[in-house]
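**Student:** Counting with the numbering used here, you get residues 59 to 216 for the letters of the sequence shown.
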Amino acid sequence: MNKQYLALSGRVRGELSEITETIDRIEIGWKHVEQSGNDFYLDSVALNLHSFYTAVEKIFELIATTIDQEKPQGENWHRELLRQMAIEVSLVRPAVISKETRNILDEYRGFRHIVRNVYSLNLSAARIEPLVVNLRYSFNNVERELEDFLSFLDIQRK
């Protein structure tokens with residue numbers, strides 16, 4: 059189990075680094091949207107917001123399969139995975155994220171669904187703006203809570 063926890067910690071930290079770069083791209087793209095109003099920049103921001111949530115979800119999938127030994131199935135598995143990460147699994151692990159962070163991330167999950175299912179020409183800057191404005195705060199919550207979870211893993215390895 060110790061090697062699994064060590065490998066998981068390394069993968070989570072690697073994903074967090076990638077997410078930070080994605081956020082930088084989102085912020086740069088959003089500045090271009092604000093300055094030019096060019097829809098191509100809006101498309102870029104939307105795609106990178108999609109990537110942000112996908113990377114966070116990848117971390118949660120790694121935790122679900124490595125620690126919980128179970129990932130939700132079925133039509134609503136994305137939503138259920140978020141819920142799984144916000145609850146303690148008795149005798150296995152604490153909650154990975156708080157309910158507040160789960161609710162925040164659910165907005166990004168929902169937006170990712172939109173990006174996957176609509177034409178980019180139907181994306182709305184008004185819908186995207188709050189996601190961009192709240193992104194650093196949202197990620198800081200996720201990162202802090204994941205670091206707490208990684209500390210838990212470090213204790214378990216010893």
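Even glycine gets a Cβ: it sits at the ideal position worked out from N, Cα and C.
Looking at the unbroken alpha helix (DSSP H) that takes in Ala144, where does it start and where does it end?
**Tutor:** That residue, Ala144, is in no alpha helix (DSSP H); it is neither H nor E in DSSP.
**Student:** Which one or two residues does DSSP pair with Arg151 in a beta bridge?
**Tutor:** Val147
**Student:** Can you tell which of Val91, Thr124, Glu79 and Arg167 has its C-alpha closest to the C-alpha of His136?
**Tutor:** Arg167
**Student:** Are the beta-carbon atoms belonging to Val147 and Asp164 less than 8 Å from one another?
**Tutor:** no
**Student:** Just confirm the distance between the C-beta atoms of Val70 and Ile117, as a whole number of angstroms; I'd bet it's less than 8 Å.
**Tutor:** Yes, Val70 and Ile117 are in contact; Cβ-Cβ is about 5 Å, under 8 Å.
**Student:** What's the C-alpha gap between Glu85 and Leu64?
**Tutor:** 32 Å
**Student:** By alpha-carbon positions, which one of Gln62, Lys61 and Leu74 ends up nearest to Arg202?
**Tutor:** Leu74
**Student:** Tell me where the alpha helix (DSSP H) around Glu187 begins and ends.
**Tutor:** Ala183 to Val191
**Student:** Mind checking which residues open and close the alpha helix (DSSP H) that includes Lys129?
**Tutor:** Counting along the chain, Lys129 falls outside any alpha helix (DSSP H), and DSSP gives it neither H nor E.
**Student:** Are the CB atoms of Leu193 and Ile81 nearer to each other than 8 Å?
**Tutor:** yes
**Student:** Check this for me: beta carbons of Lys129 and Glu115, under 8 Å apart or not?
**Tutor:** no
**Student:** Assess, as a yes-or-no matter, whether the region 170-178 is touched by the region 152-159 under the definition of 3 or more beta carbon pairs within less than 8 Å.
**Tutor:** no
**Student:** Quick one: give me the first and last residue of the alpha helix (DSSP H) that Val91 is part of.
**Tutor:** Asn60 to Ser94
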